[in-house]
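Step one of this worksheet: look at the structure below.
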Amino acid sequence: MRLPAPLLLLLGGVIVAAMLTWMLPAGQFNRTDDALTGRRIVVAGTYHRTAGAPVGPFGAVVAVARGFVAAADVIAVVLFVGGAWIVVDRLGALEAVIGGLVRALGSRGLLTIPIVSLFFATMGALENMQEEIIPLVPALLVLGRGVGVDPTTVVAMSAGAAMVGSAFGPTNPFQAGIALKLAQLPPLVAGGLRGAAFVAAVALWVGWTLRHAAAGRPPGGRTSEGESLRHAKRTDYAVLAAALLPMAAYIYGVLRFDWGFNELAGVFFAGGLIAGLVGGLGLIGTLNVYVEGMQMLLPAGILIGVARAISLVLEDGRVVDTILNSFASALGRLPSVAAAFVMIPIHAVIHVLVPSVSGHAVLTMPVMVPLADLLRLPRLIAVLAYTTGGGLIGEILSPTNGALLAVLAAAGVPFQKWVRFAAGGVLLATALGMLMIASLLRS
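Residues in the sequence shown are numbered consecutively from 15, following this note's numbering.
This is how it looks when you write it as structure tokens:
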């Protein structure tokens with residue numbers, strides 16, 4: 015089966031979501047403000063039927079426009095971060111540095127995969143990196159061509175590695191961090207187990223990516239891409255540093271000051287301006303290039319906005335809580351060991367409907383944690399099932415993940431091709447998540 019283009023796929027998702035609001039009964043949990051996370055969460059045991067609110071054709075169309083408003087902070091990040099990197103790219107600094115790397119590696123170009131993958135996996139573990147990768151795709155493709163790997167490999171060692179790192183990263187404040195707070199568990203609970211799982215998961219993903227890359231690499235692994243790029247100068251490194259320092263500042267801000275997307279957009283706006291001035295574009299020239307770069311990233315912003323519309327339609331129709339309550343009720347009738355493992359695919363399905371990892375956490379954890387208590391399961395199992403099912407399977411394979419579709423579109427990789435590649439690696443990493451759950455069940 016051939017899947018449609020990303021935008022058509024997401025618009026189809028909006029239509030399916032609207033149809034579900036006519037097919038499923040409406041219902042809701044009560045919600046309350048949570049002091050630990052600063053977010054509005056559901057209250058377990060309060061599900062009740064409500065008056066139906068099916069979404070019609072006009073409501074679905076309006077939801078697409080509302081999706082852009084709801085995802086405004088994410089879209090702003092893509093545009094502002096993208097504008098900064100386009101300034102760096104226009105100055106030729108990225109290609110020059112990449113050219114030096116390609117020439118240095120020579121026939122050992124496959125070493126790029128574990129190096130780049132480890133960087134993005136670490137960024138995923140630290141700050142749930144995903145949308146920030148979109149503007150980096152053109153430079154990563156240059157690197158990929160230089161070392162002789164295809165665009166699928168480029169997406170795998172960047173976005174794929176970041177999502178694996180996000181799912182298994184013990185310090186991820188937007189996935190494990192929120193879920194652990196809602197489960198009333200300390201941030202570093204079972205730190206040794208989770209840290210070892212992070213290392214193992216990244217190693218598995220890197221191995222899967224290397225296997226794919228080696229199969230399609232040209233004989234000898236050398237290409238002429240690196241030789242065609244100019245040598246880097248001191249100015250190039252200064253320009254690149256101006257673009258990288260905002261990321262370092264943002265990581266510190268996330269861990270120390272609870273920064274979010276707005277702060278990320280702000281520091282990159284400043285970094286992009288500094289890069290342009292250092293590179294000799296002048297203030298007016300820098301601003302012109304910055305705006306051009308933002309325009310180039312508009313298609314990615316469109317995909318993210320339409321993806322957000324899907325969950326808005328389901329929320330308007332009051333069926334998200336109905337689906338969650340049905341899953342939770344079914345889990346409550348299973349033996350505790352079976353329920354622990356079945357939580358994983360349930361979270362994967364829910365993540366298609368709620369493609370935000372933080373939104374997924376505040377929706378499901380207040381219901382799944384008491385259910386784990388009822389089944390006499392350790393609360394950490396509910397958290398690990400969420401990070402494995404939603405953070406891993408849902409993020410890497412979901413057709414409603416707007417950031418993933420934007421990365422794939424920028425790299426020219428069809429979604430169905432990505433799924434064929436990623437499914438095996440996701441299966442291996444999921445088995446690792448299940449092993450973690452099994453170890454907790456035995457303890």
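Every residue, glycine too, gets a C-beta built ideally from N, C-alpha and C.
Could you tell me the boundaries of the alpha helix (DSSP H) in which residue i lies?
i	result
R459	No information on residue 459 is available, as it lies outside the stretch 15 to 457 that the chain covers here.
W432	F429 to R456
T167	P165 to V169
V320	L312 to D330
W219	G205 to A229
N339	V334 to G346
I407	Neither: I407 is in no alpha helix (DSSP H) and is coded neither H nor E.
D14	Nothing can be reported for residue 14: it is not among the residues displayed for the chain, which extend from 15 to 457.
S370	Where S370 is concerned, there is no enclosing alpha helix (DSSP H), given that its DSSP letter is neither H nor E.
T136	T126 to E141
A246	Neither: A246 is in no alpha helix (DSSP H) and is coded neither H nor E.
R80	P71 to A84
I395	R393 to Y400
G416	G416 to A425
Assuming the contact rule is C-beta atoms closer than 8 angstroms, residue i and residue j should be a hit. Round their C-beta distance to whole Å, please.
i	j	result
V292	A256	6 angstroms
L207	S453	7 angstroms
H361	G408	7 angstroms
G296	A98	With a Cβ gap of about 16 angstroms, G296 and A98 do not count as contacting.
A204	L419	Actually they do not touch by this definition, with Cβ atoms about 34 angstroms apart.
V91	E145	5 angstroms
G138	S172	With 8 angstroms as the limit, G138 and S172 do not qualify as a contact, their Cβ atoms being about 10 angstroms apart.
T466	V427	In the structure as shown, the chain starts at 15 and stops at 457, and residue 466 therefore has no counterpart that could be examined.
V421	I147	6 angstroms
L389	A353	5 angstroms
I265	L391	Their Cβ separation, rounded to whole angstroms, is 34 angstroms, which puts I265 and L391 out of contact at 8 angstroms.
Grab the span of the beta strand (DSSP E) containing residue i for me, first residue to last.
i	result
T185	No beta strand (DSSP E) contains T185, which DSSP labels as neither H nor E.
In this structure, what does DSSP give as the bridge partners for residue i?
i	result
I55	T46
H365	Partner(s): none; H365 has no beta bridge.
R159	Paired residue(s): none; R159 is not in a bridge.
R63	G41
Are the Cβ atoms of residue i and residue j separated by less than 8 angstroms?
i	j	result
L311	L154	no
T378	L406	no
V168	G158	yes
V151	F282	no
A74	V30	no
K195	T401	no
I451	A375	no
T414	A40	no
V351	T35	no
V371	N44	no
L317	A423	yes
L199	P184	no
G174	I410	yes
I458	G290	Lying outside 15 to 457, the shown extent of the chain, residue 458 is not represented and no answer is given.
G123	V116	yes
F134	A79	no
V381	L338	yes
P384	A118	no
A485	D387	The shown model of the chain, from 15 to 457, leaves out residue 485, and the question about it has no answer.
L348	V356	yes
F227	V268	It should be noted that the sequence gives Ala, not Phe, for residue 227. Going by C-beta atoms, A227 is not nearer than 8 angstroms to V268.
A214	L446	yes
G404	H245	no
L429	P20	Checking the sequence, you will find Phe at residue 429 rather than Leu. Yes.
W222	L442	yes
H365	S412	yes
Have a look at the options and flag the residue whose alpha-carbon is nearest the alpha-carbon of residue i.
i	options	result
V111	V253, I129, P201 and G41	V253
R322	A86, A445 and D272	A86
L224	V57, I129 and P369	I129
V397	P428, I192 and G267	I192
N302	V178, V101 and K431	V101
F82	F188, G346, G416 and A354	G416
G70	Q309, S131, L449 and V327	V327
M261	A279, A246 and F271	A279
F182	Q189, A84, F212 and V156	F212
A229	L22, F435 and S457	F435
R63	L38, R53 and R54	L38
G209	T136, N276 and L259	T136
F271	P187, I298 and I288	P187
G315	A65, R53, A32 and A84	A84
R54	R456, G373, K431 and V433	G373
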